[in-house]
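First up is the structure itself, then whatever we jot down about it.
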Amino acid sequence: MTETDETNIKIQVRGLSKVFGSQPKKALELRNQGKKRPEILEKTGQTLGLSNIDFDVREGELLVIMGLSGSGKSTLIRCLNRLIEPTEGDIVIDGQNIPKLSEKELLECRRRHFSMVFQNFALFPHKTVQENAEYGLEVRGIEKKSRVESARNSLKQVGLDGWEDAYPSQLSGGMQQRVGLARALANDSTVMLMDEAFSALDPLIRKDMQQELIELQHRMKKTTIFITHDLDEAISIGDRIILLKDGEVVQMGTPEDILTRPADDYVARFVEGVDMSRIFTANSAMRSVRATARDSDGPRTVLRKMSDNGLDSIYVIGRDRTLLGIVNVDDVDAAAKAGKDTINELIQNDFPKAGPDEPMNNLFAMFNDKSYPIAIVDDNQRLLGVVVKGAVLEKLAEAGEH
Amino acid sequence: MAIDIPRIPLGDGIEGGLDFLTSHYSMVTRGISRVTQSGITVLNDGLMWLPEWALMAIIALICWRVANLRLGIGAVLGLALIWNLGLWDPMIETLTLVVIATVVAVVIAMPLGVLAAISDRFYSLIMPVLDFMQTMPAFVYLIPAIPFFGIGSVSAIFATVIFSMPPAIRFTTLGIRQVPKDLIEAADAFGATRSQKLIKIQFPLSLPTIMAGINQTIMLALSMVVIAAMIGADGLGSEVWRAIQRLRPGDGFEAGIAVVILAMLLDRITQALRKPKKKTS
Chain A
0 MTETDETNIK IQVRGLSKVF GSQPKKALEL RNQGKKRPEI LEKTGQTLGL
50 SNIDFDVREG ELLVIMGLSG SGKSTLIRCL NRLIEPTEGD IVIDGQNIPK
100 LSEKELLECR RRHFSMVFQN FALFPHKTVQ ENAEYGLEVR GIEKKSRVES
150 ARNSLKQVGL DGWEDAYPSQ LSGGMQQRVG LARALANDST VMLMDEAFSA
200 LDPLIRKDMQ QELIELQHRM KKTTIFITHD LDEAISIGDR IILLKDGEVV
250 QMGTPEDILT RPADDYVARF VEGVDMSRIF TANSAMRSVR ATARDSDGPR
300 TVLRKMSDNG LDSIYVIGRD RTLLGIVNVD DVDAAAKAGK DTINELIQND
350 FPKAGPDEPM NNLFAMFNDK SYPIAIVDDN QRLLGVVVKG AVLEKLAEAG
400 EH
Chain B
0 MAIDIPRIPL GDGIEGGLDF LTSHYSMVTR GISRVTQSGI TVLNDGLMWL
50 PEWALMAIIA LICWRVANLR LGIGAVLGLA LIWNLGLWDP MIETLTLVVI
100 ATVVAVVIAM PLGVLAAISD RFYSLIMPVL DFMQTMPAFV YLIPAIPFFG
150 IGSVSAIFAT VIFSMPPAIR FTTLGIRQVP KDLIEAADAF GATRSQKLIK
200 IQFPLSLPTI MAGINQTIML ALSMVVIAAM IGADGLGSEV WRAIQRLRPG
250 DGFEAGIAVV ILAMLLDRIT QALRKPKKKT S
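Residue numbers (numbering that gives the first Met the number 0), protein chains in the order written: chain A, 0 to 401; chain B, 0 to 280.
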């Protein structure tokens, strides 16, 4: 992925490093000489938590930072709001360089920009669900009335209305994390940090929460940074994924980039366990349409387009590439022979259609006996491309090899 | 072969220091003395002004509300016994001293405890001091109290405060340090200031532990107030003291039992306060 749109970057991280220990300079010097974490630890007793991390967080995206324990992902997310002091590097959010902020500016920055959801929920046991949800606003000194309202709203968002007066200990794990989520949402900060937010939940609840997060995120377009050690989770929720290993970025890209083009063995080994047919989407098997007919074309023109491209059916589009339907060669041929000058009444609607995010294993079932290629359309019904049966089989076979 | 090492004049040094304090800060000590004395008088007179049955009813009601009916009934029986033995007034005097000493000790201990929880340096500084305060035989505090505040109840309170303060400090520190780290992190992540964390998170969460400390302080204060009879403090202690001097074990035990009853009531009430009305299972 290339950085196409600079204006939409929310956080810019450059050269971020963190050394745990009393002589960070020494460790960084060795790092600059090309030494790796274990060697630095052995020579100086300093742990190189993060080394020279560069990445951007785009406005409104759900960025997943993934790595095994010890990869530095928790350190990284805590460096962003300086729960852990970075040793060097820049973290720029809306023009403010976080490591350079004074104590007071930092508080202000945390209140405005960051709200955090924690692995073990970190709810305040002496506060009710409602009071927990209000916490961020309370800290900011928002008056009682409006913070009660915001908290109530965000509790409703996560499906907890009616539980306002309960205490966290009366709730199940999944519900507790909803409170954690509500607490973060109520704050209406610009960025949400989620630290292994679903890792403590049991698998079924976890899946639900992932779905809900995706929906929430699409609805609210909140810039979210999500930490996880679970590739399945990363792939199912992430717009983009950053893979960390030993405090360094191994790969950065969309879930599909990472699955189809693992940067190295480390990533490849991660990817091994993933069910590829679930991951591949229509997008990856889609090819551009060789030819389309316009609704204003006459039968002869359409016939010509079909024979030029060796097709026995062709998709018909209107203005703005809106997909109208499909016509097949026999009908058009008959119409041409009958001397008609429009194809409008030949257009059929019994063709398979899917969005670009449709998983591959769903696509396979969609091919009908007429073997029309599957039309891939966007939300506005514009034709993006087609998927033919062969491409799906090929991709599924490829997935089987992994 | 004995080597003649000169004896370190530790005691002389301490005495010199105390003399210096008493002569140069007599204004301060006299001020403290006057304020404390009037506090004692007001509280004592107030409690004495109430008829015995009324105070008994109040204490029983408190016991019932914060703990249970059984403790309320126990309070009535115990206090009635003290009344019957003619030890009501000394009991009130002792209670007054305990209450005032505890309040002063807690007021001093809280900020120190919080400070020790926040600052590791202050923690390592104050812990040996607390060890010293707690292990020094209680009687020793009585001696410097006299030149400072003269014979009587003020000296008793001075010695009692020093003797009973350490647990309140320790438990406050312990309670605040025991607040789970992830909760502090959560508060930090939302941009809470240090005082917001302290007041809204750390303090409420450490309240049960702090209350345990206050309970200890009250118990120590009671035991010290009794001992302080040796320097002229009024109350049940002086009853015991008189019994010793006259060799009358019966009187001694009667006053002693009154102390036990008072101790048990104070202990049960503060213990019950420790467990706040549980809202959760």
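Using N, Cα and C, we set each Cβ at its ideal position, and we do this for glycine too.
Residue i in three-state terms, based on DSSP
i, result
"residue 384/A", "strand"
"residue 231/B", "coil"
"residue 55/B", "helix"
"residue 340/A", "coil"
"residue 2/B", "coil"
"residue 278/B", "For residue 278/B, the pLDDT reaches just 41, beneath the cut-off of 50, and the residue's location in the model is therefore unreliable, leaving the point undetermined."
"residue 352/A", "strand"
"residue 327/A", "strand"
"residue 18/B", "helix"
"residue 157/A", "coil"
"residue 120/A", "coil"
"residue 322/A", "strand"
"residue 293/A", "strand"
"residue 151/A", "helix"
Boundaries of the alpha helix (DSSP H) in which residue i is found, first to last residue
i, result
"residue 102/A", "102-112"
"residue 169/A", "Unbroken run through residue 169/A: none, as it is neither H nor E."
"residue 9/A", "Unbroken run through residue 9/A is the beta strand (DSSP E), 8-19; no alpha helix (DSSP H)."
"residue 258/B", "248-273"
"residue 75/A", "72-79"
"residue 304/A", "298-308"
"residue 53/A", "That residue, residue 53/A, is in no alpha helix (DSSP H); its beta strand (DSSP E) goes 46-57."
"residue 89/A", "Where residue 89/A is concerned, there is no enclosing alpha helix (DSSP H), although the beta strand (DSSP E) it sits in stretches over 87-92."
"residue 235/A", "230-236"
Terminal residues of the beta strand (DSSP E) in which residue i lies
i, result
"residue 247/A", "247-252"
"residue 65/A", "61-65"
"residue 191/A", "190-194"
"residue 198/B", "First-last for residue 198/B: undefined, no H or E at that position."
"residue 374/A", "373-376"
"residue 178/B", "Careful: residue 178/B lies outside any beta strand (DSSP E) and carries neither H nor E."
"residue 36/A", "That residue, residue 36/A, is in no beta strand (DSSP E); its alpha helix (DSSP H) goes 36-43."
"residue 244/A", "239-244"
"residue 28/B", "Segment 25-48 is the alpha helix (DSSP H) holding residue 28/B; no beta strand (DSSP E) there."
"residue 313/A", "312-316"
Contact under 7 Å by Cβ, residue i with residue j
i, j, result
"residue 352/A", "residue 376/A", "yes"
"residue 105/B", "residue 167/B", "yes"
"residue 253/B", "residue 9/B", "no"
"residue 63/A", "residue 233/A", "yes"
"residue 161/A", "residue 204/A", "no"
"residue 259/B", "residue 251/B", "no"
"residue 32/B", "residue 148/B", "yes"
"residue 175/B", "residue 205/B", "yes"
"residue 163/B", "residue 216/B", "yes"
"residue 100/B", "residue 27/B", "no"
"residue 179/A", "residue 116/A", "yes"
"residue 62/B", "residue 70/B", "yes"
"residue 132/A", "residue 181/A", "yes"
Option in the options with minimal Cα separation from residue i
i, options, result
"residue 442/A", "200/B, 7/B, 244/B and 165/B", "Because chain A spans 0 through 401 in this model, residue 442/A falls outside it and cannot be assessed."
"residue 229/A", "243/A, 217/A and 310/A", "243/A"
"residue 109/B", "145/B, 165/B and 66/B", "165/B"
"residue 135/A", "103/B, 126/B, 142/B and 187/B", "187/B"
"residue 23/A", "210/A, 86/A and 54/A", "86/A"
"residue 387/A", "121/A, 282/A and 184/A", "282/A"
"residue 51/B", "26/B, 80/B and 27/B", "80/B"
"residue 370/A", "298/A, 109/A and 327/A", "327/A"
"residue 211/A", "316/A, 246/A, 157/A and 258/A", "157/A"
"residue 272/B", "173/B, 4/B, 66/B and 11/B", "66/B"
"residue 355/A", "18/A, 111/A, 373/A and 214/A", "373/A"
"residue 288/A", "299/A, 302/A, 94/A and 308/A", "308/A"
"residue 202/B", "154/B, 62/B, 72/B and 116/B", "116/B"
"residue 108/A", "139/A, 320/A, 262/A and 246/A", "139/A"
"residue 89/A", "133/A, 192/A, 10/A and 35/A", "10/A"
"residue 329/A", "345/A, 323/A, 317/A and 125/A", "345/A"
Contacting positions in the region 175-197 of chain B - beta carbon closer than 7 Å to chain A: 181, 182, 184, 185, 187, 188, 189, 190, 191, 192 and 195
When Cβ atoms are compared, which residues of the region 199-221 of chain B fall closer than 8 Å to chain A? If you check each beta-carbon in the region 199-221 of chain B against every beta-carbon of chain A, the ones closer than 8 Å belong to 199, 200, 203 and 204.
Against chain B: residues of the region 126-139 of chain A by CB proximity under 8 Å: 134, 135, 137, 138 and 139
Give the residues from the region 355-380 of chain A that approach chain B closer than 7 Å (Cβ to any Cβ), ordered along the chain. none
Contact list for the region 80-94 of chain A against chain B, Cβ threshold 7 Å: Along the region 80-94 of chain A, going in chain order, the ones with a CB nearer than 7 Å to a CB of chain B are 80 and 82.
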